[in-house]
Amino acid sequence: METVLSGLATGFGVALDPFNLFLVLAGCFAGTLIGALPGLGPINGVAILLPIAYGMGFGPESALILLAGIYYGAEYGGRISSILLNVPGDAGAVMTTLDGNPMARAGAAGRALSLSAIASFVGGTVSVILLSLFAPALASFAVTFSPADYVALMVFAFASLASLVGKSTVKTLLGATIGLMMATIGIDANTGVARYTFGIPDILAGIDFLIVVVGLFGMAELLTLVEHQVSGKLKSLPVDKSFVRMADLAKCKWTIARASVIGFFIGILPGTGASVASAVAYGTEKRISDSENTFGTGDVRGLAAPEAANNAAAGGAMVPMLTLGIPGSGTTAILLGALLMFNIQPGPMLFIQRPEVAWGLIASMYIGNVALLVINLPLVGLFARMLTIPQHYLTPLIAILAFIGIYTIVGNPFDLLMITGLGIFGWLLRKLDFSLAPVILGFVLGGLFENNLRRALSISGGDWSILVQDYKSIALYVLALLVVIAPIWLGWRARRIKGEASSENG
Amino acid sequence: MVDRIFAGVLLVVALAYSIMAFTAIRAPFQYDPLGPESWPQILSLVAIACLLVMLWRPDATRMGVTRQTWFRLTATVILLAAYAELYEPLGFILSTTLFGVALSAMLGAGALRSAIFGVAAGVIGYVLCVMLLGLNLPEGDLIGPLFDLARQQEGTS
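Chains as they are written, first to last, in the numbering used here: chain L, 1 to 506; chain B, 1 to 157.
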């Protein structure tokens, strides 16, 4: 407890620095704007703006504070397009459309927006509080992890990724493997042997993380926008003067509390971000409180649950990223890569070695949540107007921003062709129902995974049994197995129960 | 079908990756039990296994992209590639203006509006990024000398 309080004091010292405070506000504002634009979610926003933030030469804590502000600002903003346009900004906002859009169509757009802003605020704040309590404890436990335990942890991360993310397990696993394979390109740091460089000097040091991120997310998103391009404007519902009532809040208070906790813990699981959290929270709430079958027709609880959950998940996803160095979602994978670019290795030592980065980020999330609530309640009309920016200006703007960001890193025009190529590859993957988060997770974790495996085997002198000698590794392998088997078993049982029911009827 | 073609192409890549991992990559000397080739070997086996499953049981059958959309996508990719190639020779302002005009016009903005958008994106983008944020963007061979001239005049006056 004491470490938490003194840590928070350090953190607020960093976050309340006027320049960092400005960055929190700027990040939150830009994030809300990006999240509100239909089609652009948190991950694309962070991907496109990351190289620019990097190029401006901030200190690591300032850059991270800015990027994190964009991240949860975009989780906030995603609800605006969901409610007013019925077009979710990203997968995490899909559930918000179910009850949010009917409310807006019934003439309660202002009420829906203000209620969801409050639900987001509570979800975000609850998860930051849980984060500041959990993270130091988990970090001090994780210090005892050996390289073999880290290998087990990675196996667990990829197992839960494969079983919980995306439509097809094989495709998710393949996506992660593609990411891991991309990470092997370049000179091997241990022996100095060049791998898969084919003599091209531009990739001797490996494919730059920024190029992969901007290519796979920014440029692929751009091609998707072009593919789904609709001429003319999308029709936005007007924001009226209605506002959230005390009765609504009283009705939703337990919904929001439950959804926040669910969201936080689902966010912690590796690879499962806001989309799974909001879906589970909505499903749970529907089962618990939908006694009159009003969910899906504009029930306030159906709106509050996914909104609280997806913001809580954003905080939860920070826990494994900061304490273990293993990101909990695609977006935190990008933040992790950003830390690595500043030569900061996230992991258990982060809280001891670089407390100003870890705690500064956490403190900035407290401030950011308050700022977002303040920004969002009065300015929602302004953001709503952004929804109607025609796509034919938005699309070229994304490309121009991406090119500026990539060119400013090293000034190499070859990189611009690389992001275009990776964009085509990312678009193809998305077309074929791959999810892109595993690819970026694999790419970010590739080096860590390989190094820990090699280190573990160096310790044992080549004896593979070291991987299963510790109780921590064994526990993680058991968890990994459970995470893979449980959904299959549940699905099989559900089918069998259904089958028995139908055979009894027949 | 699309799934199978994609998996087939990736399988060729994965096999090439695997062959290189098993033959070409060797460290001249090493002390560790795992050399630079072991990890790629493991990965290539996982990838090949996944791809074989995909070939055996594909689930996406068609792309669902109309010919018109293919045309638009190809044009966008060509524009992006041209933008990348012209970035340094023409400089940021000119190349961005051309790209902005071309892409917004292709996506359905009117001729005048797309022209205004392109010029605005090039000029405002340059002013914002180079002068305010201090980022490094190419001046280009055509416009660069003008900047140099302006700088010289500032220096002399």
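Every residue gets a Cβ at the ideal spot worked out from N, C-alpha and C, and that includes glycine.
Can you give me the start and stop residues for the alpha helix (DSSP H) that Pro396 of chain L sits inside?
-> Mapped onto the first sequence, residue 396 of chain L falls at position 396. Here the alpha helix (DSSP H) through Pro396 of chain L covers Gln391 to Val410.
Skipping 5 residues on each side, what residues in its chain have a beta carbon closer than 6 angstroms to that of Gly232 of chain L?
-> Indexing the first sequence from 1 puts residue 232 of chain L at position 232. Unreliable placement is indicated for Gly232 of chain L, whose pLDDT of 49 sits below 50; no coordinate value is reported for it.
Determine the direct distance from the alpha carbon of Leu84 of chain L to that of Thr96 of chain L, and round the result to whole angstroms.
-> Position 96 of the first sequence holds residue 96 of chain L. Position 84 of the first sequence holds residue 84 of chain L. Approximately 11 angstroms, taken between the alpha carbons.
Please list the residues of the stretch 91 to 120 of chain B that have a C-beta atom closer than 7 angstroms to any C-beta atom in chain L, keeping them in chain order.
-> Thr96, Phe99, Gly100, Leu103, Ser104, Leu107, Gly108, Ala109 and Phe117
Where does Ala510 of chain L fall in DSSP's three states?
-> Past the edges of chain L, shown from 1 to 506, lies residue 510 of chain L, and the structure says nothing about it.
Which class does Gly25 of chain B belong to by DSSP, given the choice of helix, strand or coil?
-> Within the second sequence, residue 25 of chain B is the residue found at index 25, counting from 1. The question names Gly, but residue 25 of chain B is Ile in the sequence shown. Three-state result, Ile25 of chain B: coil.
Give the straight-line distance between the Cα atoms of Phe443 of chain L and Asp463 of chain L, rounded to the nearest whole angstrom.
-> Here residue 443 of chain L is taken as the residue at index 443 of the first sequence, counted from 1. Here residue 463 of chain L is taken as the residue at index 463 of the first sequence, counted from 1. The C-alpha of Asp463 of chain L is placed about 27 angstroms away from the C-alpha of Phe443 of chain L.
Cβ atoms of Gly69 of chain L and Gly35 of chain L: under 7 angstroms apart, would you say?
-> Along the first sequence, one-based indexing puts residue 35 of chain L at 35. Along the first sequence, one-based indexing puts residue 69 of chain L at 69. No, the pair does not count as a contact, with Cβ atoms beyond the cut-off.
Is the Cβ of Lys286 of chain L closer than 7 angstroms to any Cβ of chain B?
-> As a working note, residue 286 of chain L is residue 286 in the first sequence. Not an interface residue.
Under 7 angstroms (Cβ pairs) to chain L, residues found in the stretch 27 to 41 of chain B = Ala27, Gln30, Asp32, Pro33, Leu34, Gly35, Pro36, Trp39 and Pro40
For Gly491 of chain L, the three-state DSSP class (helix, strand or coil) | For the purposes of this step, residue 491 of chain L is identified with residue 491 of the first sequence, where counting begins at 1. Three-state DSSP puts Gly491 of chain L in a helix.
Chain-ordered neighbours of Leu416 of chain L on chain B, where CB pairs are closer than 7 angstroms | Walking along the first sequence from the start, residue 416 of chain L turns up at place 416. Within 7 angstroms Cβ-Cβ: Ala84 and Tyr87.
Alpha carbon to alpha carbon, what distance is there between Pro270 of chain L and Ile326 of chain L?
-> Taking the first sequence and counting its residues from 1, the one referred to as residue 326 of chain L is at position 326. Taking the first sequence and counting its residues from 1, the one referred to as residue 270 of chain L is at position 270. Each residue's Cα considered, the two are about 7 angstroms apart.
CB-CB under 8 angstroms to Glu88 of chain B, same chain, minus the five flanking residues each way: which ones, in chain order?
-> Working through the second sequence from its first residue, we reach residue 88 of chain B at position 88. The answer, listed in chain order, is Pro138 and Gly140.
Who are Ala194 of chain L's beta bridge partners in DSSP?
-> Residue 194 of chain L sits at position 194 when you count from the first residue of the first sequence. DSSP, once it has assigned bridges, lists L:Ile187 as partnering Ala194 of chain L.
Taking Arg162 of chain B as the reference, give the member of L:Phe449, L:Tyr393, L:Leu428 and L:Ser473 with the closest Cα.
-> With chain B covering 1 to 157 only, the question about residue 162 of chain B has no answer from this structure.
Check each residue of the stretch 71 to 83 of chain B: if its Cβ is closer than 8 angstroms to any Cβ of chain L, include it; give the result in chain order.
-> Arg72, Leu73, Thr76, Val77, Leu80, Ala81 and Tyr83
Let me know the secondary structure DSSP gives Val244 of chain L once reduced to three states.
-> Numbered from 1 along the first sequence, position 244 holds the residue referred to as residue 244 of chain L. If DSSP states are grouped into helix, strand and coil, Val244 of chain L belongs with coil.
Please say whether Ala371 of chain L and Leu25 of chain L have beta carbons closer to each other than 7 angstroms?
-> Sequence index remark: in the first sequence, residue 25 of chain L carries index 25 (1-based). Sequence index remark: in the first sequence, residue 371 of chain L carries index 371 (1-based). Going by C-beta atoms, Leu25 of chain L is nearer than 7 angstroms to Ala371 of chain L.
Touching by the beta-carbon criterion (3+ pairs, under 8 angstroms), the stretch 395 to 404 of chain L and the stretch 212 to 219 of chain L = Touching, yes.
Interfacial residues, the stretch 6 to 18 of chain B to chain L, with Cβ spacing under 7 angstroms | Phe6 and Tyr17
At which residue ranges does the stretch 32 to 75 of chain L contain complete alpha helix (DSSP H) runs of 4 or more residues, listed in the order of the chain?
-> Listed in chain order, the complete alpha helix (DSSP H) runs (minimum 4 residues) inside the stretch 32 to 75 of chain L are 42 to 55.
Within its chain, find whatever has a CB closer than 8 angstroms to the CB of Ser157 of chain B; leave out the 5 residues flanking it on each side and keep chain order.
-> Numbered from 1 along the second sequence, position 157 holds the residue referred to as residue 157 of chain B. Residue confidence is low: Ser157 of chain B scores 49 on pLDDT, short of 50, so the model does not pin down where it sits. No coordinate-derived value is stated.
Compare the C-beta of Leu43 of chain B against all C-beta atoms of chain L and say whether one is closer than 7 angstroms.
-> Position 43 of the second sequence, counted from the first residue, corresponds to residue 43 of chain B. Among the residues facing chain L, Leu43 of chain B is included, as its CB has a counterpart in that chain under 7 angstroms away.
So what does DSSP say about Thr331 of chain L, is it helix, strand or coil?
-> Here residue 331 of chain L refers to the residue found at position 331 of the first sequence. Of the three classes helix, strand and coil, the one that applies to Thr331 of chain L here is helix, per DSSP.
So, helix, strand or coil for Gly232 of chain L, using DSSP?
-> Counting from 1 along the first sequence, the entry for residue 232 of chain L is found at position 232. Low confidence applies here, because Gly232 of chain L scores a pLDDT of 49, under 50, leaving its location unreliable and the question unanswered by this model.
Pick from L:Arg454, L:Thr408 and L:Gly381 that is closest to Val239 of chain L, judged by C-alpha positions | Position 239 of the first sequence, counting from 1, holds the residue named residue 239 of chain L. The candidate whose alpha carbon is nearest that of Val239 of chain L is L:Gly381.
Are the CB atoms of Ala120 of chain L and Glu285 of chain L nearer to each other than 7 angstroms?
-> By one-based count along the first sequence, residue 120 of chain L stands at place 120. By one-based count along the first sequence, residue 285 of chain L stands at place 285. Before going further, note that residue 120 of chain L is Ser rather than Ala in the sequence given. No, these two residues do not count as a Cβ contact at 7 angstroms.
Whose CA, out of L:Phe158, L:Val193 and L:Leu225, lies closest to the CA of Gly179 of chain L?
-> As a first step, residue 179 of chain L must be located in the first sequence, where it is residue number 179. Ranking L:Phe158, L:Val193 and L:Leu225 by Cα distance to Gly179 of chain L puts L:Phe158 first.
Any chance the stretch 93 to 107 of chain L sits against the stretch 360 to 375 of chain L, with 3 or more Cβ pairs inside 8 angstroms?
-> no
Cα-Cα separation, Thr297 of chain L to Asp99 of chain L = Position 297 of the first sequence holds residue 297 of chain L. Position 99 of the first sequence holds residue 99 of chain L. Cα-Cα distance, rounded: 6 angstroms.
DSSP three-state assignment for Ser44 of chain B, whether helix, strand or coil = Here residue 44 of chain B is taken as the residue at index 44 of the second sequence, counted from 1. Residue state, collapsed to three classes: helix.
Determine whether the Cβ of Ser458 of chain L lies closer than 7 angstroms to any Cβ atom of chain B.
-> Along the first sequence, read from residue 1 onward, the residue named residue 458 of chain L stands at position 458. It does; some Cβ of chain B falls within 7 angstroms.
Looking at the C-beta of Leu55 of chain B, does it have a partner C-beta in chain L at a distance below 7 angstroms?
-> Along the second sequence, one-based indexing puts residue 55 of chain B at 55. False, the Cβ-Cβ gap to chain L never drops below 7 angstroms.
Between Tyr150 of chain L and the rest of its own chain, which residues show a CB-CB distance below 6 angstroms, the 5 nearest in sequence each way excluded?
-> The residue given as residue 150 of chain L occupies position 150 in the first sequence. Excluding residues within five positions, the ones whose Cβ falls inside 6 angstroms are Asn452.
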